[in-house]
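Report on the following structure.
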Amino acid sequence: MIMKNGLTSTNNNKDILSSDKIDRKKFFLLAGIAALGTALVSVFPFGKRVVNSTKKEPIKISPNPHAVKRNNRQENHG
Amino acid sequence: MPSNETTDRKIMDKKVIDISNEIVNADASIDASADAGAENNTDPNYWRSFKELHNDPEFNKLKAREFADGALDRPDVNDMSRFSRRKFLALLSASAAVAATGCSNYRDQGVLLPYNKKPEEVTVGNPTYYASTCTGCEHACGMIIKTIEGRPIKVDGNPDHPISKGKICAIGQASVMNLYDPERLKNPVERPDKINSNEIPWASADDKIIGQLKAAASSGKEIAIISNTINSPSLKKALDEFKTAYPTAKVYSFELFDDSTRRSAWEKSYGNPNLPIVQLDKAKVILALESDFLGNEGNKIENSIMYVQNRNAFEGEFNRLYAVEGNASLTGTNADYRIIIRTDAIEEFVNALLIEIIGKEKISGFGTDTPLLSKLQKFGMDGFISKYGISKVTVDHLISDLKKNQGVSYVLAGSSLPESTHIAVNLLNEALGNTALHAKDQSRVTQIPLSAKADWDALLASMKGGKVGAVIHFDSNPAFVLPADYRYSEALKSVPLVVSLSEQINESTAVSNFVLPISSMFESWGDYQTRSTFYSLQQPVIAPLYNTRQKEEIILVWTAGNKDAYNKDIYRNYIQANWKTTVLAAQNTDVLFKTAWNAGLNDGVVKVSSASSAGTTETTALPQGFKPEAFVASTNVMTAGSNFVLLLTPNGNLGDGRFANNGWLQELPKPLSRAVWDNYAAISVQTAKAMNLQSSDLVKITTPAGALEMPVFIQPGVAEGVIAVQLGYGRTECGIVGKGVGFNANSLVTKNAKLSPWLYDNVTMEKVGGTHEIVSTVEHYNIEEPLLKDIQFRRHIIQEGTYLQYKADPEFLKKKHGDKEYESINKQYVHTGTKWGMVIDLNKCTGCGQCVIACNVENNIPIVGKDQVKRNREMQWIRIDRYYSGTPENPNTSFQPMLCQHCDFAPCENVCPVAATTHSTDGINGMAYNRCVGTRYCSNNCPYKVRRFNYYNFRDRFGDSIQQEESFSLMANPEVTVRSRGVMEKCTFCLQRIMEERSHAIKDNRQVIGANVKTACQEACLTSAIVFGDQNAQDSELHKLTNSNLGYTVLDEIKVKPNVTYLAKLRNVYETENTEAKH
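These protein sequence lines map, in sequence, to chains X and V. When we follow numbering that gives the first Met the number 0, the leftmost residue of the first sequence carries the number 0, and every step to the right adds one. When we follow numbering that gives the first Met the number 0, the leftmost residue of the second sequence carries the number 0, and every step to the right adds one.
Here it is in structure tokens:
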């Protein structure tokens, strides 16, 4: 290692695993694998169970078609 | 570290160890030297370490330095982590990318449109109104349901309903919360072992139940249908058809509180049990004997409307109300004269009154009835007065008034009183000619009479004997409501099939094999008849939110005996078919059925003549004549004892406990105690002193039925020796809101009560130690110090007088307090257009609190819970202040609704640092919630203490965030902002309703009409005590009342110019002097 102002550095590009600097290709490779893995895990098996147990059917509001609305809320003089 | 420094450190460490060893080995010498030093020096010697104690030289040198060793050393890079900055940033961005991928749940929701095809009559944002009928109790009041985009959000009374006349009680107002309660039952459930629940489809449930019903019928076993009051003619017909299909079926109906003793007394007195309808609006004198007709008894809406009809000083009509009671009731506190005696002494009082009226005054022909008089001879009013220490003057006034107002007075006996008392009261009314107030043109209608005690005894015996094959809880909860000594839940174990039809879980569903969810009243069809002159219709305004069915539909399917008989219109078609042949056929008109049907649904009521009234089982024949022998033969006369007497009273807001899961109703303060979220044993001041009890102390109350430990509450105005307890609390199988709230006093009710199921003498009460805190809002938001006696009069917060004073001099109030015109440092803004204001007539206000619930519903007020109410954090925008005056044993009570006064010179507006509260040109003190930063300075400055601060997001905090459930959000009024934590809120004079009127005015190209705007509290007030409108409209009722000679504003001396005017309360007493305390 080279000491420079108290900081260490390396110029050995072949020693990827032990170096402090991560290779750009390796970074994107690892990130892509991690993203894919997370997406897969979120779907099954845990995702399916989570979706089934916690997802609630939204409450549907539908008026009654046979209800007769009142023209106004005040007294009906008719 | 350099080697020299390392060596120095090691040397120092060794010195410390040496010193420590010296101390350990020489404890005694240290103590001795310390003591010696202490003798000569009185200052304590403080030290923080042993080095300091022994004055180590190296330590002293270090003490002199500013920074300790090592403080200024540069960091050693070699000791740092090998994790580089670049590496850190790379991993950080990678993990963020992964997290974003995993957390993202973006789904294209599509385009947001209110309607794909908009219905022609619907305008988005405009509400739609429907007429229907409330089924919260047996009175079936008419209601108007306001819906927005299909969601019911508000309930008010139906002005076309002949009984409720546009009013609805708190239960009806709060019923929207029952519809959207997330804990409603959603799917049919089978519980084979009555412990575990399995959801099953409706078809499967119907199939299994029909099979078991057929088996029960064919084997001759009874099928018991247990219901509350049935007042629907179509339902009665459906049940009759069910009984035809299953010949062993029987219907039992019950209520927690009923008129059974009154009816049996009436039947003995007049030969039939048909109770009359009393026209209280024509009564000039009313005597209420333990009868809370304005509060919890009977149809309080009808009673309140009738009571205030004859109580208007401006129109020269003012009735007089006497109350004779042991409990402190709402009616008693509104009475002009109140006589406090033990409840079990009331019959003696009536008999003493009878001997005065019949014997001495010789009123009526009963004075020659020897057997009757001889029974009354042992009673005497003078003896009664001296025995119970009541006011002779008041009694003389009462007798004089009854004598002078024969035929226009009425004596009401409470439902809790025994049969013998009711018979005596019937005789009194008969003697005074008060039967003239019985309505001649209409009568009550009963579809199915409530079951008698003998019926219940027979049912329970059959159940225990294995003769009952099926029990159907028809939207009822007998396991909770029936007297404990029936042992109903135990008897159910012998019944092979128990089915509960219910909206929510309750004590009866917990012991059932099948629990079938039923639709709410907003989702149901129905027809009702409680009077002979009209029917009321119920229509669903919304399709069922969950997989529920109407209970009537379920019965029809079982009657058909085929699970496939169900369709969603089955009961609607059934009612229509019934009406075609009965109700509308009897109208004998040429109007097409469909037209008449739609008209009926539009109006909510269909008026009929009594003669054409169909579908009733009760005759409309009026009583023919009083039978004096009923009084003579009446035994088991109630006499006052020396032990405690227990009075069980209804809770007008929770019913028989079925609304325990409604947080708004639980949080509504009781009128007198202002207690919330609990019931208690109300006792007198004298009893509390004698037993050394404080409010919240636990006592054990024992009756022949059982015992119960519960807290006491010292209630001024309760008679000595009386214990009053409200029923409807202590639910054990209930949703999260109501479970465990209060104490179940049903355990004190016995089926074999000597007096009545709600009145027990020879009761014991003993202190058991411990407390259960009763939370009361009585001292919240005090405008003045609570310790000063009659402070409401010193500050003129309450202004009162007598009717005689007013008649003698209508200006007496202004003369007494001075018509003050104060100089103000503020420049008066002249409101040339509309200026909103409110008048509250304290003569009409009974303190019932319906306005509070209406405001809660209209303005999305959250439930905060008991612990937060304890901390003065209830969020209700309007409160009813209750003041006592006089002695604690016999106080006068005054009620005053208090809300934001929308002061012209509002002190809250000046102090807001962010101008979140401002004043509009039409006189409204407004709140901009999104500007508010929560300094609470405005609340601090408000003299009326009407501002409410959201200390928490209460929707999130209370009850496991139940108010955050999706269904609760459907309940919210979209026209009113839902406030969050850290924001101040208060009454806005229903600004959303003002805006609605403004939009109508713009559309119609006219000015805003103040009378068209009705605030929620105004609409809800049963007695129409609240009037809202434009103060600048010279011809309006509001303008007239604001400037009336009884009008005053609260705290007018502080010159904030409030826009709420109160009309002083007048008591109709003989005394001409002022009823306020002398100062």
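Heads up, the beta-carbon is just placed ideally off N, CA and C, and yes, glycines get one too. Just so we're clear, the structure is a prediction, and the values are computed from it rather than from any experiment.
For Lys593 (chain V), no CB of chain X lies under 8 Å from its own CB, so it is not counted at the interface with that chain. Not flagged as an interface residue toward chain X: Ser196 (chain V), since no C-beta distance is shorter than 8 Å.
Under the Cβ distance rule, Gln538 (chain V) counts among the residues neighbouring chain X, one pair being separated by less than 8 Å.
Chain-order list of chain X residues neighbouring Val97 (chain V): Ala30, Ala33, Ala34, Gly36, Thr37, by C-beta distance under 9 Å. Counting the other CB atoms within 10 Å of its CB gives Asn587 (chain V) a total below 16, which places it among the exposed residues. The three-state secondary structure of Phe253 (chain V), taken from DSSP, is coil.
When Cβ-Cβ separations below 8 Å define contact, Gly836 (chain V) makes no contact with chain X. Fewer than three pairs of CB atoms, one per stretch, sit closer than 8 Å, so the segment 525-536 of chain V makes no contact with the segment 178-193 of chain V.
Listed along chain X, the residues sitting closer than 9 Å to Leu969 (chain V) by beta-carbon distance are Ile58, Ile60. Lys24 (chain X) is outside the set of residues whose beta carbon lies under 8 Å from a beta carbon in chain V. For Ile1001 (chain V), no chain X residue has a Cβ inside 8 Å of its Cβ, as the nearest lies near 18 Å away. According to the DSSP secondary-structure assignment, Ser442 (chain V) is paired through a beta bridge with no residue. Annotated as proximal: Leu320 (chain V) and Asp335 (chain V), with beta-carbon spacing under 8 Å.
Three or more pairs of CB atoms, one per stretch, sit closer than 8 Å, so the segment 315-329 of chain V contacts the segment 286-295 of chain V. Assigned with DSSP and collapsed to three states, His918 (chain V) falls in strand.
As for any beta strand (DSSP E) of minimum length 3 sitting wholly inside the segment 129-200 of chain V, the runs are 141-147, 150-156, ordered along the chain.
Here Met897 (chain V) is bridged, per DSSP, to V:Arg878.
The distance from the Cβ of Gln1017 (chain V) to that of Pro861 (chain V) is about 23 Å, inconsistent with a contact at the 8 Å cut-off. Met874 (chain V) is positioned such that its CB atom lies no closer than 8 Å to that of Val856 (chain V).
When C-beta distances to chain X are compared with 7 Å, the residues of the segment 81-92 of chain V below that value are Arg81, Ser83, Arg85, Lys86, Ala89, in chain order. Around the beta carbon of Ser641 (chain V), fewer than 16 other beta carbons lie within 10 angstroms, which makes this residue exposed. Relative to Ser979 (chain V), the option among V:Leu969, V:Arg997, V:Glu489, V:Asn949 whose CA is nearest is V:Asn949. Cβ atoms of Gly171 (chain V) and Gly135 (chain V) come within 8 Å of each other, at about 6 Å. Secondary structure of Asn333 (chain V) (DSSP, three-state): helix. Within the same chain, and ignoring the five residues on either side of Asn428 (chain V) in sequence, the residues whose Cβ sits closer than 8 Å to its Cβ are Tyr409, Val410, Thr434. For Arg183 (chain V), not one C-beta of chain X is nearer than 8 Å to its own C-beta. Looking at the DSSP output, Asp526 (chain V) sits in a beta bridge with V:Leu536. Nearest neighbour of Ile162 (chain V) by Cα position, chosen from V:Phe256, V:Thr122, V:Ser303, turns out to be V:Ser303. Along the segment 687-733 of chain V, the alpha helix (DSSP H) does not occur as any fully enclosed run of 4 or more residues. Annotation: Trp557 (chain V) is outside any beta strand (DSSP E); the continuous alpha helix (DSSP H) that includes it extends over 550-559. In terms of CA proximity to Ile852 (chain V), V:Cys168 leads the group V:Pro151, V:Cys168, V:Leu841. Taking all protein chains shown into account, His999 (chain V) has fewer than 16 neighbouring C-beta atoms within 10 Å of its C-beta and is therefore exposed. Listed along chain X, the residues sitting closer than 7 Å to Gly149 (chain V) by beta-carbon distance are Ile60, Ser61, Pro62. At a cut-off of 8 Å, the C-beta of Ala542 (chain V) has a neighbouring C-beta in chain X.
Note on geometry: alpha-carbon atoms of Ser203 (chain V) and Arg548 (chain V) lie some 14 Å from one another. When only Cα atoms are considered, Asn476 (chain V) and Ser507 (chain V) end up about 5 Å apart.
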